[in-house]
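S.K.:
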Amino acid sequence: MTSNYSTIDWRETMNGVSIDCSLDMAIHPANSSIILLTVPGVDGSVDGYDNKYVRIADSIQATIGAAIVRIANPFITSFHWESNLRQALDYIANHAAEITNHTDYEIRLMAHSAGAAVAAQIAWEYPRISRLLLVNPATKLDIEAIKSGLEKLSDRPITILMGGADPNFDDNQQLIDELKLGNIKLEIARSADHNFSGENFSIFLESPLQYLFD
C-alpha cells in the first residue's frame with residue numbers, strides 16, 4: 000500500500016532549556032473515517048523491527064480499508080514521549096481531510112511499551128480516540144498517572160495485551176485488578192516477552208485486527 004513519509008519539527012522548552020524536536024511519521028491515506036495510529040516504545044522507529052508497523056498497516060488497509068498513521072517515538076526526555084503523541088494527534092486533527100477524505104473521523108490507537116504508558120495517561124483528552132490497544136504498557140514509568148488516565152477513559156473500549164514474560168506483567172495485572180473497569184479487556188500471551196519476539200511475533204502483528212477492528 001502507498002505511504003507518505005514526512006517529519007514534524009518543533010521546539011519546546013523544559014527547565015529553561017530549549018530543545019529542537021522532530022518526529023518521523025508515515026501516512027497511509029484512505030477513503031475511510033477510521034484512522035489507525037501506531038505508537039512504538041522508546042526510540043521505536045516508524046517502520047519497527049522487521050517492518051512490523053508497515054506489515055500491520057498493509058494488513059489493515061487490505062482487510063478493513065482504514066487510513067493509517069505510523070509514528071516514531073524518539074527519546075530526549077520522558078516529557079518528550081508525551082510531546083511525540085500530542086504532535087501526532089495535532090497533525091491528524093489538522094490534516095484529517097487529506098488522510099481520510101472525511102471531516103468526521105475516529106482514531107483507533109495501538110501503542111507499545113512507553114508509547115502505551117503515555118497513551119494511557121493522555122488519551123482521555125482526545126475525544127477522537129475511540130478505542131485503544133495497549134501492548135505491554137511500561138507501567139513503571141508512572142503507574143499512578145496511568146491509573147488516573149485509564150479511569151478517565153471509562154467510556155471507551157480498551158484492550159491491554161500483556162506478555163506473561165514481560166517485566167511489567169505483575170504491575171499491569173495489579174493495576175487492572177485495582178481499576179475494576181468494565182471497559183478494559185485483559186488479554187495475556189503467556190510465553191510472550193516485552194517485544195513479542197520469536198513465536199509470539201505473529202500475535203503482535205495480528206493484534207490490531209483482532210482487538211481494534213473486531
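The sequence shown runs contiguously to residue 213 in numbering that gives the first Met the number 0.
Beta carbons are placed, not taken as given, at the ideal position from N, Cα and C, and that holds for glycine.
My output table needs one value for K139: the three-state DSSP class, helix, strand or coil.
M.R.: In the structure shown, K139 sits in a helix (DSSP, three-state: H, G or I).
S.K.: Is it buried or exposed for D46, if we count other Cβ within 10 angstroms and need 16 for buried?
M.R.: Result: buried.
S.K.: Is G197 a contact residue of the ligand FAD, with contact defined as CB to any heavy atom under 7 Å?
M.R.: Looking at this structure, you won't find the ligand FAD or any other ligand, since it has none at all.
S.K.: Can the beta-carbon of I98 be found less than 8 Å from the beta-carbon of P28?
M.R.: Their beta carbons are under 8 Å apart, which means I98 touches P28 by this criterion.
S.K.: With respect to the alpha helix (DSSP H) encompassing Y52, which residues constitute its N-terminal and C-terminal limits?
M.R.: Looking at the DSSP string, the run of the alpha helix (DSSP H) that includes Y52 is K51 to T62.
S.K.: What does a CB cutoff of less than 7 Å around I187 pick up in its chain, not counting 5 residues either side in sequence?
M.R.: Answer for I187: M161 and G163, listed in chain order.
S.K.: Measuring CA to CA, which of I55, A191 and L36 is closest to P86?
M.R.: For the sequence presented, residue 86 should be read as Gln rather than Pro. Ranking I55, A191 and L36 by Cα distance to Q86 puts L36 first.
S.K.: My guess is that I33 and A65 are in contact by the Cβ rule of under 8 Å, so how many angstroms apart are they, rounded?
M.R.: The Cβ separation is near 4 Å, so the contact holds.
S.K.: With distances taken from CA atoms, which of G15, D42 and V117 is nearest D23?
M.R.: For the residues G15, D42 and V117, the minimum Cα distance to D23 belongs to D42.
S.K.: Give every residue of the same chain whose Cβ lies closer than 7 Å to the Cβ of K214, excluding the five residues on either side of it in the sequence, and list them in chain order.
M.R.: With the chain covering only 0 through 213, there is no way to say anything about residue 214.
S.K.: Report the rounded CA-to-CA distance for T1 versus D8, giving the unit in angstroms.
M.R.: In a straight line, the C-alpha of T1 is about 23 Å away from that of D8.
S.K.: Quick one: grab the DSSP three-state call for N72.
M.R.: Of the three classes helix, strand and coil, the one that applies to N72 here is strand, per DSSP.
S.K.: Is the Cβ-Cβ distance between I26 and S58 less than 8 Å?
M.R.: Going by C-beta atoms, I26 is not nearer than 8 Å to S58.
S.K.: Starting from the C-beta of E81, find all residues in its chain whose C-beta is less than 8 Å away, skip the five residues before and the five after it, and write them out in chain order.
M.R.: Cβ within range, chain order: V117, Q120 and I121.
S.K.: Over the uninterrupted beta strand (DSSP E) stretch that includes V16, give me the two end residues.
M.R.: Residues V16 to H27.
S.K.: I need the straight-line Cα distance from L88 to W123, nearest angstrom please.
M.R.: Spanning the two alpha carbons is a distance of roughly 12 Å.
S.K.: Looking at the secondary structure, which residues open and close the beta strand (DSSP E) in which A119 lies?
M.R.: Premise fails: A119 lies in the alpha helix (DSSP H), A113 to I121, not in any beta strand (DSSP E).
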